[in-house]
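Step one of this worksheet: look at the structure below.
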Amino acid sequence: MCGRFVDPNLRGTEDEFSDLRVNPFPRRFNVKPTQEILLFAKSPLQGMMARWWLIPSWHKGEIKDWKATTFNARIEDAAQKPSFRAVWKYGRCLIPAGGYFEWTGEKAAKRPHFIASAGNEETLWFAGLASRWREMLTCTILTRPANAAVVSLHPRMPVILNADERDAWLGGSDDPALGAESLLRHHPVARFGIEDDGPELIEPEDQPAN
Numbered sequence: 001m002c003g004r005f006v007d008p009n010l011r012g013t014e015d016e017f018s019d020l021r022v023n024p025f026p027r028r029f030n031v032k033p034t035q036e037i038l039l040f041a042k043s044p045l046q047g048m049m050a051r052w053w054l055i056p057s058w059h060k061g062e063i064k065d066w067k068a069t070t071f072n073a074r075i076e077d078a079a080q081k082p083s084f085r086a087v088w089k090y091g092r093c094l095i096p097a098g099g100y101f102e103w104t105g106e107k108a109a110k111r112p113h114f115i116a117s118a119g120n121e122e123t124l125w126f127a128g129l130a131s132r133w134r135e136m137l138t139c140t141i142l143t144r145p146a147n148a149a150v151v152s153l154h155p156r157m158p159v160i161l162n163a164d165e166r167d168a169w170l171g172g173s174d175d176p177a178l179g180a181e182s183l184l185r186h187h188p189v190a191r192f193g194i195e196d197d198g199p200e201l202i203e204p205e206d207q208p209a210n
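According to UniProt numbering, numbering within the sequence shown proceeds without interruption in unit steps and concludes at 210.
Structure below.
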């Protein structure tokens, strides 16, 4: 699954904020569900901000009334789920990230690990689905069974797309193997709280925390 991630490092790249036409924001290293995140959608691709926790367009209540856990969706069955069925066809998007976190160990002493790209491209591109609820754009991150690089940390991982797969995903591919060959590396980091932030959160910590 993917429940915390790091904003992509866009400055100094071809994706400067001025080109994205979104308001610049400080880079965050502890992005949480319900926060606004950057995604790319439409053709040609446009950068836009969306609430990370999808609310389907047909939801009639208030935002607080939506109780389903929809910040992630399984690529294997999202097309059949009522919450994702429509956006599977019409709401595909890409969500850039600088990496993400998973936790291992016993519940009382879980240890975070930072997972990042092991390839030539620093940015990870998650497959996503976006839904406009009333005037608010919302989104979810697709997940898949973990590959050999990260299965020791968690049985699932985000669907991380290479350049060819990004085009295939946006073009409507239903291939559940998307993202299976993602090149990833990981290292343990110091424990951090829900409100903690900053680049120190992704620094390696070789010694177990007390």
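Even for Gly, the Cβ is constructed at its ideal location relative to N, Cα and C. All of these numbers come straight from a predicted model, not from anything done at the bench.
- Secondary structure of V6 (DSSP, three-state): strand.
- Put simply, the backbone Cα of H59 is about 22 Å away from that of I75.
- In terms of CA proximity to V22, E36 leads the group F29, V31, D197, E36.
- If you ignore the 5 residues before and after R185, its C-beta comes within less than 8 Å of the C-beta of I115, A116, S117, A118, A149, all in its own chain and listed in chain order.
- Per DSSP, the beta-bridge partners of E102 are H113.
- For L94, the enclosing beta strand (DSSP E) stretches over residues 92-97.
- Membership of A168 in the alpha helix (DSSP H) is indicated by the continuous run 163-170.
- Every unbroken stretch of the alpha helix (DSSP H) spanning 4 or more residues and falling wholly within the stretch 31-101 is given here in chain order: 85-90.
- Here I160 carries a strand assignment [DSSP, helix/strand/coil].
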